[in-house]
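**Q** So for the sequence shown, this note's numbering puts the first residue at 18; every next one is plus one.
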Amino acid sequence: EEVIATPGCESNVKEIFDKCIEIEKTRSDAVIFNQFDQLPNHLWHYGITGPALQEAFNLMAEEQPQTSINLALVLFSSGSAGTLGAGSYIKEQFPQCKVGVGEALQCPTITENGFGGHRIEGIGDKHIPWIHNLRDTDVAVAVDDEIVIRLLRLFNEAAGKKRLEEAGIDRGTVEKLSLLGISGIGNLIATIKAAKYYELDEQDRAMTVFTDSMQLYGSRLSELAAERGPYDQRQADRDFDLLQNLSVDHTLELSHVDRRRIHQLKYFTWVEQLGKTVDELREQWQHYREYWGGLHRQISEIDSLIEDFNREIMG
18 EEVIATPGCE
28 SNVKEIFDKC
38 IEIEKTRSDA
48 VIFNQFDQLP
58 NHLWHYGITG
68 PALQEAFNLM
78 AEEQPQTSIN
88 LALVLFSSGS
98 AGTLGAGSYI
108 KEQFPQCKVG
118 VGEALQCPTI
128 TENGFGGHRI
138 EGIGDKHIPW
148 IHNLRDTDVA
158 VAVDDEIVIR
168 LLRLFNEAAG
178 KKRLEEAGID
188 RGTVEKLSLL
198 GISGIGNLIA
208 TIKAAKYYEL
218 DEQDRAMTVF
228 TDSMQLYGSR
238 LSELAAERGP
248 YDQRQADRDF
258 DLLQNLSVDH
268 TLELSHVDRR
278 RIHQLKYFTW
288 VEQLGKTVDE
298 LREQWQHYRE
308 YWGGLHRQIS
318 EIDSLIEDFN
328 REIMG
């Protein structure tokens with residue numbers, strides 16, 4: 018087992034790409050699983066996460082038979098963009114639903130063609146993933162990583178949990194907030210901001226995914242305590258107020274030109290540096306129904322191959 022450390026922070030994926038290219042050139046037995054350009058990553062979320070979200074929404078509707086509810090928004094942050102494949106599925110099932118993408122304000126590649134370092138682990142890598150279908154994306158939200166860090170403490174420190182319970186949130190829900198890690202909190206914030214932007218009401222439902230939990234980040238709480246001091250009731254009050262007053266700043270509703278502009282950013286990473294072709298880049302955009310639809314139609318064939326493989330190895 019070998020761990021290779023590359024320099025930089027959460028947005029320094031270019032350095033990882035460079036190292037992977039070096040490994041491929043120098044190790045004949047190496048196989049690189051690049052989630053940023055492997056279309057099965059998109060396909061898995063289209064075929065699994067998307068239907069799971071639909072099932073969850075249908076359960077909500079069944080539990081409230083007297084209320085007509087509407088799936089108005091789904092939002093996922095852009096790391097590899099795999100989870101955004103679920104947005105393509107939801108768009109097909111609920112055409113009126115808005116599909117949102119989140120990123121770090123400190124690295125606003127989608128919203129501003131920007132770059133920078135940030136602290137939301139697992140997202141925002143200064144490029145547009147090859148597998149992101151921009152045709153299906155309606156809104157982009159940039160989230161300040163400082164808000165994420167402050168809510169991390171609010172949700173997990175004793176004083177923060179106390180403040181949440183005082184606000185009327187039941188203890189069971191408060192204890193479940195540890196299921197949200199740093200990128201999960203980022204998704205939560207971006208979804209709230211987009212819901213406010215679209216002025217969703219009590220009949221609307223907004224959905225996201227919590228992609229990590231605090232099991233990964235226990236050391237972060239210790240680091241924050243050492244850096245900022247003990248988490249007391251006064252700070253909990255401030256952070257709860259921050260949560261209550263999230264604004265719609267840094268929210269961009271995408272026009273057709275915006276979508277095309279973001280899609281074209283793929284060129285500078287994938288064509289110039291990593292061997293993709295201009296023809297395929299154009300296919301993704303100009304012939305998107307055939308490109309992405311053809312991919313989605315492969316699910317049953319791939320499932321059959323997986324079943325054959327499982328039978329073979331299980332005897």
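Where a beta carbon is used, it is the ideal one built from N, C-alpha and C, also for glycine.
Please go through the same chain and pick out, in chain order, the residues whose beta-carbon is closer than 6 angstroms to the beta-carbon of E192, but skip the five residues on each side of it.
**A** Answer for E192: no residue qualifies.
**Q** Keeping to the same chain, check which residues put their C-beta closer than 8 angstroms to that of I140; ignore five residues upstream and five downstream.
**A** E27, S94, S95, G96, G119, E120, A121, S200, G203, listed in sequence order.
**Q** Let me know the secondary structure DSSP gives K143 once reduced to three states.
**A** Three-state DSSP puts K143 in coil, outside helix and strand.
**Q** Quick one: measure Cβ to Cβ for A89 and R222, integer angstroms, because I've assumed they're closer than 8 angstroms.
**A** Right, their Cβ atoms sit about 6 angstroms apart.
**Q** I need the straight-line Cα distance from F53 to D256, nearest angstrom please.
**A** Looking at the two C-alpha atoms, the distance is approximately 34 angstroms.
**Q** Would you call the CB atoms of G104 and G67 closer than 9 angstroms?
**A** It is a contact, given that the beta carbons lie within the stated cut-off.
**Q** Near A242, what residues of its chain come up, given a Cβ to Cβ distance below 8 angstroms and the 5 sequence neighbours on each side ignored?
**A** Result list for A242: Y248, in chain order.
**Q** Quick check on L282: does DSSP put it in helix, strand or coil?
**A** Residue state, collapsed to three classes: coil.
**Q** Starting from the C-beta of Q301, find all residues in its chain whose C-beta is less than 6 angstroms away, skip the five residues before and the five after it, and write them out in chain order.
**A** Contacts found: Y308.
**Q** If I measure Cβ to Cβ from Y41 and keep anything under 7 angstroms in the same chain, skipping five residues before and after, which residues do I get?
**A** The residue asked about is misnamed: residue 41 is Glu in this sequence, not Tyr. A47, I49, listed in sequence order.
**Q** Going straight from the alpha carbon of S236 to that of C124, what length do you get?
**A** Taking the straight line from one Cα to the other gives about 24 angstroms.
**Q** Let me make sure I understand the geometry here. Which of Q290, L271, E297 has the alpha-carbon closest to that of E129?
**A** Ranking Q290, L271, E297 by Cα distance to E129 puts L271 first.
**Q** For F132, does the three-state DSSP call read helix, strand or coil?
**A** Residue state, collapsed to three classes: coil.
**Q** Report the rounded CA-to-CA distance for Q411 versus L197, giving the unit in angstroms.
**A** This structure gives no information on residue 411, because the portion of the chain shown stretches from 18 to 332.
**Q** If you check the beta carbons only, do L259 and R136 fall under 9 angstroms apart?
**A** No, these two residues do not count as a Cβ contact at 9 angstroms.
**Q** Output the boundary residues of the beta strand (DSSP E) element that contains G189.
**A** First-last for G189: 188-193, but that is the alpha helix (DSSP H), not the beta strand (DSSP E).
**Q** For E344, name the three-state secondary structure that DSSP assigns.
**A** The question about residue 344 has no answer, for the chain in this structure spans 18 to 332.
**Q** Classify R170: buried if its beta carbon has 16 or more other beta carbons within 10 angstroms, exposed otherwise.
**A** Buried, by the Cβ-count rule.
**Q** Can you tell me which of the three DSSP states K115 falls into?
**A** In the structure shown, K115 sits in a strand (DSSP, three-state: E or B).
**Q** Could you please give me the residues that DSSP links to F93 through a beta bridge?
**A** Looking at the DSSP assignment, F93 forms a beta bridge with V118.
**Q** Can you tell me whether DSSP reads L269 as helix, strand or coil?
**A** In this structure, L269 counts as strand in the three-state DSSP scheme.
**Q** So what's L291 in DSSP terms, helix, strand or just coil?
**A** DSSP places L291 in coil when its eight states are reduced to three.
**Q** Check for me: the beta strand (DSSP E) holding V160 runs from which residue to which?
**A** Residues 156-160.
**Q** Taking DSSP's pairing of strands, which residues face A223 in a bridge?
**A** DSSP lists L90 as partners of A223.
**Q** Work out the CA separation of I330 and A159 for me, nearest whole Å.
**A** Distance between the alpha carbons of A159 and I330 is about 46 angstroms.
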